[in-house]
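Residue numbers (the numbering used here): 10 to 309.
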Ligand SMILES: C[S@@+](CC[C@H](N)C(=O)[O-])C[C@H]1O[C@@H](n2cnc3c(N)ncnc32)[C@H](O)[C@@H]1O
């Protein structure tokens, strides 16, 4: 079965893929396969698109010089670098990710003088230094665990008793034209993929407030708070509507929905997506509304 956003087939899995928790094998295959590679290839544009999310997260995380931070699911490393710039030479940031192609990109692009280490590992089982970190942080890197309470309990062990958690995750699809405007245009041409269940890993796995409170509570966190944050994300990355049209079809749900369909269907979908984006065009930007949570909690 091929359910968006994850192909359960491990086709294209990289030889460099890490081992991890048994239940995360599909995710490890996905982020090390062609999709993970496309994320890595889109790093420059994607970091512009998601820049406002990084800004909101970093502001709420209240990072101080000298702090030790772990960036969970750091991907190609944009937030890892931003955190490292804030903690300065007396601090440290560890970026952890299961995706070899994205981590390779992160290693290539990290400025040499910054206090950063990267590790290719599953955050569910990685033996973090106990009680060593001030902050666990993530931009969209924590919604892909098969057993999130187990993963968060493991990550929490890395925090000092005074440590804290801050991450960004997506709210419901209906609140996110960022995904739904292009996807609805694509669905004019191809059938919908079977939806994920509410507990399945995926971008919307933490949309439910009740679920996030339950998971973090089970993992031992306290003072759990979820702040809604509404943004307009430039899916064109300043490159105009044509860049936006192709960008939204490169990764994510619209790309997955079109996978395996013939060229003429794809071409028709491209035209529909271009049309669907028109109301959001502002000069060379295409600003799609996006709704996220900024989740914060304390280790104890
Ligand atoms: C949507 S991407 C976000 C990447 C990056 N944080 C960003 O904002 O560009 C999700 C990331 O989570 C990583 N990931 C998924 N499951 C993971 C796990 N169990 N341990 C570590 N990283 C994981 C993926 O490899 C991927 O890089």
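Here a beta-carbon is modelled for each residue, glycine too, at the ideal position from N, C-alpha and C.
DSSP lists no bridge partner for residue 118.
In this chain, residue 283 is not harboured by any beta strand (DSSP E); it is covered by the alpha helix (DSSP H) spanning 272 to 286. Rounded to whole angstroms, the separation of the alpha carbons of residue 80 and residue 88 is 7 angstroms.
With 16 or more other Cβ atoms inside 10 Å of its own Cβ, residue 132 counts as buried. In terms of Cβ geometry, residue 48 and residue 260 form a close pair [threshold 8 angstroms]. Residue burial is scored here from C-beta neighbours: residue 33 has at least 16 other C-beta atoms within 10 angstroms and is therefore classed as buried. Contact between the segment 162 to 169 and the segment 191 to 198 is absent: fewer than three C-beta pairs spanning the two stretches fall below 8 angstroms. Residues of the same chain with a CB within less than 7 angstroms of the CB of residue 277, apart from the 5 flanking positions on each side, are 198 in chain order.
Contact check for residue 149 and residue 109: beta-carbon distance about 19 angstroms, past the 8 angstroms limit, so the pair fails to qualify. Between the alpha carbons of residue 280 and residue 45 lies a distance of about 26 angstroms. In this structure, ligand 1 has a non-hydrogen atom nearer than 7 angstroms to the beta-carbon of residue 40. Counted as a single uninterrupted DSSP element, the stretch harbouring residue 189 is not any beta strand (DSSP E) but the alpha helix (DSSP H) occupying residues 186 to 195. When DSSP states are grouped into helix, strand and coil, residue 50 belongs to the helix group. Its Cα nearest to that of residue 69, the residue 175 stands out among 130, 175, 223.
For the pair residue 242 and residue 187, the CB atoms are nearer than the 8 angstroms cut-off. Fewer than three beta-carbon pairs drawn from the segment 243 to 255 and the segment 70 to 77 are found closer than 8 angstroms, and the two stretches are therefore not classed as touching.
Distance from the CA atom of residue 299 to the CA atom of residue 183, rounded to whole angstroms, is 10 angstroms.
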